[in-house]
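In terms of my numbering, the sequence shown opens at residue 4 and continues consecutively.
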Amino acid sequence: MATTSPSQQLLEKIVSLAKRRGFIFQSSEIYGGLNGCWDYGPLGVEMLRNLKEAWWRAMISRGDIEGLDASILMHPRVWEASGHVQNFSDPMVDCRECKSRYRVDHLFSEMSEKRLKAISKAANLESALSHTLVMESKDLTKEQLAEVLTSMVEKSSTLFAELVAKELIACPNCGRVGMLTEPRNFNLMFETYIGPVKDAANAVYLRPETAQGIFVNFMNVWQSARQKIPFGICQIGKSFRNEINTKNFLFRTREFEQMEMQFFCKRGMDEHLFESWRETRWNWWLALGMPEHKLRFHPHEKLAHYAKAAGDIEFEFPFGFGEIEGIHNRTDFDLTRHQEFSGKSMQVLDDETKEKYTPYVIETAAGASRGFMAFLCNGYKEETVNGEQRTVLRLHPFLAPIKVAVLPLVNKDGMPELAQSLERDLRKTMRSFYDDSGAVGRRYRRMDEIGTPFAVTIDSDTLHDQTVTIRERDSMQQVRIAMGQVKSYIAERITL
Ligand code: GAP
Numbered sequence: 004m005a006t007t008s009p010s011q012q013l014l015e016k017i018v019s020l021a022k023r024r025g026f027i028f029q030s031s032e033i034y035g036g037l038n039g040c041w042d043y044g045p046l047g048v049e050m051l052r053n054l055k056e057a058w059w060r061a062m063i064s065r066g067d068i069e070g071l072d073a074s075i076l077m078h079p080r081v082w083e084a085s086g087h088v089q090n091f092s093d094p095m096v097d098c099r100e101c102k103s104r105y106r107v108d109h110l111f112s113e114m115s116e117k118r119l120k121a122i123s124k125a126a127n128l129e130s131a132l133s134h135t136l137v138m139e140s141k142d143l144t145k146e147q148l149a150e151v152l153t154s155m156v157e158k159s160s161t162l163f164a165e166l167v168a169k170e171l172i173a174c175p176n177c178g179r180v181g182m183l184t185e186p187r188n189f190n191l192m193f194e195t196y197i198g199p200v201k202d203a204a205n206a207v208y209l210r211p212e213t214a215q216g217i218f219v220n221f222m223n224v225w226q227s228a229r230q231k232i233p234f235g236i237c238q239i240g241k242s243f244r245n246e247i248n249t250k251n252f253l254f255r256t257r258e259f260e261q262m263e264m265q266f267f268c269k270r271g272m273d274e275h276l277f278e279s280w281r282e283t284r285w286n287w288w289l290a291l292g293m294p295e296h297k298l299r300f301h302p303h304e305k306l307a308h309y310a311k312a313a314g315d316i317e318f319e320f321p322f323g324f325g326e327i328e329g330i331h332n333r334t335d336f337d338l339t340r341h342q343e344f345s346g347k348s349m350q351v352l353d354d355e356t357k358e359k360y361t362p363y364v365i366e367t368a369a370g371a372s373r374g375f376m377a378f379l380c381n382g383y384k385e386e387t388v389n390g391e392q393r394t395v396l397r398l399h400p401f402l403a404p405i406k407v408a409v410l411p412l413v414n415k416d417g418m419p420e421l422a423q424s425l426e427r428d429l430r431k432t433m434r435s436f437y438d439d440s441g442a443v444g445r446r447y448r449r450m451d452e453i454g455t456p457f458a459v460t461i462d463s464d465t466l467h468d469q470t471v472t473i474r475e476r477d478s479m480q481q482v483r484i485a486m487g488q489v490k491s492y493i494a495e496r497i498t499l
């Protein structure tokens with residue numbers, strides 16, 4: 004009988020809570036679902052909005068970053084200029100036996116160190132390294148070995164087939180060796196058509212990243228907002244990638260939301276700005292409640308076609324560390340390419356030297372959907388309190404979908420009416436919830452499970468002294484305050 008690992012069980016519990024309590028539903032569920040697409044339910048949409056709001060405020064409140072909302076469909080030349088038509092593809096292989104499909108980098112990254120070493124030997128990695136790096140394969144970590152092997156396979160048209168023929172690579176699904184096909188490049192962009200005629204002349208793509216909307220609008224924003232370089236442009240929006248393997252809930256989906264910022268600077272400032280943005284973004288995740296030990300920074304050995312330096316902020320998901328945000332030094336690659344392809348100048352004037360130059364770009368590219376999942380996973384806790392089990396979602400109060408629950412202790416003596424009137428008042432400025440069904444302990448548990456940071460209880464004392472108790476989700480401590488102070492008490496504690 005197949006057993007599931009504790010980390011899989013944990014992920015299953017999180018997915019199940021997300022569905023049961025209205026955070027995330029499978030897309031088109033009544034038709035069997037659509038792979039790689041998910042819907043945000045009433046609580047999910049609130050939490051996602053809070054996450055995006057936290058990011059937007061952090062960007063815009065600096066004063067040197069402007070916002071943008073570019074369209075998802077763009078001129079097809081954009082994607083030629085950006086390199087996506089040519090380069091935005093993953094090498095993939097199929098199993099001839101069970102028909103499973105894999106990305107080559109995933110095959111390597113999921114192998115054991117022992118297997119990677121055996122493959123490195125067969126692939127003559129040592130000699131490849133001597134040409135490129137001042138490193139030996141024994142100095143490489145498991146992740147680095149997987150990355151180097153992937154890039155060797157990408158560069159050689161025969162290497163993968165040779166490794167398969169030597170029976171060194173098995174299909175992870177059916178376990179058969181020697182059955183994987185040669186790698187083929189698969190472009191991840193979704194294609195559609197503008198207008199009624201479905202031919203190549205009318206083909207357009209759903210954007211695979213929000214960044215290009217920012218690059219093509221660089222001049223418009225610079226001229227209209229009257230910012231001086233260095234300055235940034237930020238955008239939140241949907242992106243689409245026809246991922247080969249979608250898995251792990253919201254981690255890798257075909258439709259997802261990104262929060263991207265491009266910071267335009269003069270060449271020479273780029274290396275310093277790369278470091279400072281890396282730190283700024285790291286601290287942003289911490290400020291929203293990510294514990295430092297669950298994050299790590301992973302510098303890229305293998306750089307994307309546009310990057311001079313790049314690295315990922317990774318979060319420890321139940322299945323292991325995975326990227327939640329990329330920080331990239333994109334140099335002047337994108338602006339230069341758009342200048343070439345469009346014939347429009349992307350150059351600015353240096354006020355001091357009076358010379359024209361094309362700005363360099365430091366990019367911070369975070370996933371809103373992936374970040375959402377990271378906060379769900381980080382917050383999910385099962386605890387035993389006074390002999391009773393509780394599930395609690397320890398979300399930062401700013402992210403919590405509902406900020407406060409208002410509960411009458413019993414359903415009589417005017418308590419429900421008083422509680423309803425307080426909840427109606429709170430609802431004007433924060434998401435609140437009235438609940439009078441079941442024992443108060445159970446009502447607290449229901450709120451804990453969805454991450455509500457505060458619960459206000461109206462009891463018999465409230466009726467004569469107008470005071471209430473406020474229970475805090477994590478400590479479960481209660482304080483008694485005047486009913487008139489509830490709004491300000493909570494408002495002060497749910498800000499960033
Ligand atoms: N403009 C650069 C760029 O798009 P990326 O590393 O490909 O960089 C940035 O993507 C972020 O977008 C990732 O860190 C991740 O959080 C999110 N992301 C990328 N692909 C995703 C997918 N298929 N599903 C969910 N989130 C994804």
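Glycine residues also receive a C-beta, built at the ideal position from the N, C-alpha and C atoms. Note that the structure is a prediction, hence the values are computed from the model and not measured.
Q: Report yes or no: do the region 118-127 and the region 198-212 share at least 3 C-beta pairs separated by less than 8 Å?
A: Between the region 118-127 and the region 198-212, the count of C-beta pairs closer than 8 Å stays below three; the two stretches do not touch.
Q: Using only the heavy atoms of the ligand GAP, determine whether one of them is closer than 7 Å to the beta carbon of K36.
A: At residue 36 the sequence reads Gly, which differs from the Lys that was named. No heavy atom of the ligand GAP is found nearer than 7 Å to the CB of G36.
(Q) Shorter than 7 Å, the distance from the beta carbon of E212 to the closest heavy atom of the ligand GAP, or not? (A) At least one heavy atom of the ligand GAP is nearer than 7 Å to the Cβ of E212, so yes.
Q) In three-state DSSP terms, what is K384? A) Residue state, collapsed to three classes: strand.
Q.
Only counting the same chain, and skipping five residues up and downstream in sequence, which positions put a Cβ closer than 7 Å to that of R24?
A. Closer than 7 Å at the Cβ level, and outside the excluded window around R24, lie L46, E452 and I453.
Q. Would the beta-carbon of T184 fall within 8 Å of that of V107?
A. Their beta carbons are not under 8 Å apart, which means T184 does not touch V107 by this criterion.
Q.
Using CA atoms only, rank isn't needed, just tell me which of P302, S440, A494 and E475 is closest to M433.
A. Nearest of P302, S440, A494 and E475 to M433, Cα basis: A494.
Q) Who pairs with W41 in a beta bridge, going by DSSP? A) Partner residues in the beta bridge of W41, as assigned by DSSP, are Q29.
(Q) Assuming G325 is part of the beta strand (DSSP E), what are its boundary residues? (A) Unbroken beta strand (DSSP E) run through G325: G323 to T334.
Q) For L530, is the classification buried or exposed, using 16 other Cβ atoms within 10 angstroms of its Cβ as the cut-off for buried? A) This structure gives no information on residue 530, because the portion of the chain shown stretches from 4 to 499.
Q) Which stretch, first to last residue, makes up the alpha helix (DSSP H) that contains L298? A) For L298, there is no enclosing alpha helix (DSSP H); the residue is found in the beta strand (DSSP E) stretching over L298 to P302.
Q) Cβ of T6 versus every heavy atom of the ligand GAP: is any distance shorter than 7 Å? A) No, the ligand GAP has no heavy atom inside 7 Å of this Cβ.
Q. Taking the Cβ atom as the reference point for each residue, do T460 and M486 lie within a distance shorter than 8 Å?
A. No; because the gap between Cβ atoms is not below 8 Å, this pair is not in contact.
Q: Rounded to whole angstroms, what's the CA-CA distance from M4 to S30? Just pull it up for me.
A: Only weak support exists for where M4 lies, its pLDDT of 49 falling under 50; the value from the coordinates is given anyway. Straight-line Cα distance between these residues: approximately 30 Å.
Q: With hydrogens ignored, establish whether the beta-carbon of S92 is closer than 7 Å to any heavy atom of the ligand GAP.
A: Proximity of the beta carbon of S92 to the ligand GAP is not indicated: no heavy atom of the ligand is located closer than 7 Å.
Q: Taking 8 Å as the cut-off, decide whether the C-beta atoms of Y383 and I27 are in contact.
A: In this structure, I27 does not lie closer than 8 Å to Y383 by Cβ.
Q) For I75, which three-state DSSP category applies? A) Here DSSP, grouped into helix, strand and coil, assigns I75 to coil.
Q: Look up I34 in the DSSP assignment and say whether it is helix, strand or coil.
A: According to the sequence shown, residue 34 is Tyr rather than Ile. If DSSP states are grouped into helix, strand and coil, Y34 belongs with the helices.
(Q) Given the structure, does R393 come close to the ligand GAP, in the sense that its CB is under 7 Å from one of the ligand's heavy atoms? (A) The answer is no for R393.
Q) Around the C-beta of Y196, are 16 or more other C-beta atoms found within 10 angstroms, so that it is buried, or is it exposed? A) By the neighbour-count rule (16 or more Cβ atoms within 10 Å), Y196 is not buried but exposed.
Q. With distances taken from CA atoms, which of P321, N245 and S345 is nearest M192?
A. If we check each option's Cα against that of M192, N245 comes out closest.
Q | Straight-line Cα distance separating R257 from V156 | A | Each residue's Cα considered, the two are about 25 Å apart.
Q) So, are the CB atoms of R476 and V407 less than 8 Å apart? A) No; because the gap between Cβ atoms is not below 8 Å, this pair is not in contact.
Q: Might you give, ordered along the chain, the residues of its own chain that have their beta carbon closer than 7 Å to the beta carbon of L143, omitting 5 neighbours on each side?
A: Cβ contact annotation for L143 (same chain, cutoff 7 Å, sequence separation greater than five): V151, in chain order.
Q) Any idea what DSSP makes of Y105, helix, strand or coil? A) Y105: strand per DSSP, three-state reduction.
Q) Quick one: does the C-beta of S372 sit closer than 7 Å to a heavy atom of the ligand GAP? A) Yes, since a heavy atom of the ligand GAP falls inside the 7 Å radius drawn around the Cβ of S372.
**Q.** Alpha carbon of H331 to alpha carbon of M50, nearest angstrom
**A.** A straight line joining the alpha-carbon of H331 with that of M50 spans about 27 Å.
Q: For G181, I'd like the list of residues in its chain whose CB is within less than 8 Å of its CB, leaving aside the five on either flank, ordered along the chain.
A: Same-chain partners within the cutoff: V167, A168 and E170.
**Q.** Complete beta strand (DSSP E) runs within the region 406-492 (minimum length 3 residues, chain order)
**A.** Entirely contained in the region 406-492, the beta strand (DSSP E) runs reaching 3 residues are, in chain order, 407-411, 435-437, 457-461, 470-475 and 481-485.
Q: Give a yes or no on whether the C-beta atoms belonging to G566 and H296 are separated by under 8 Å.
A: In the structure as shown, the chain begins at 4 and stops at 499. Residue 566 is therefore absent and cannot be evaluated.
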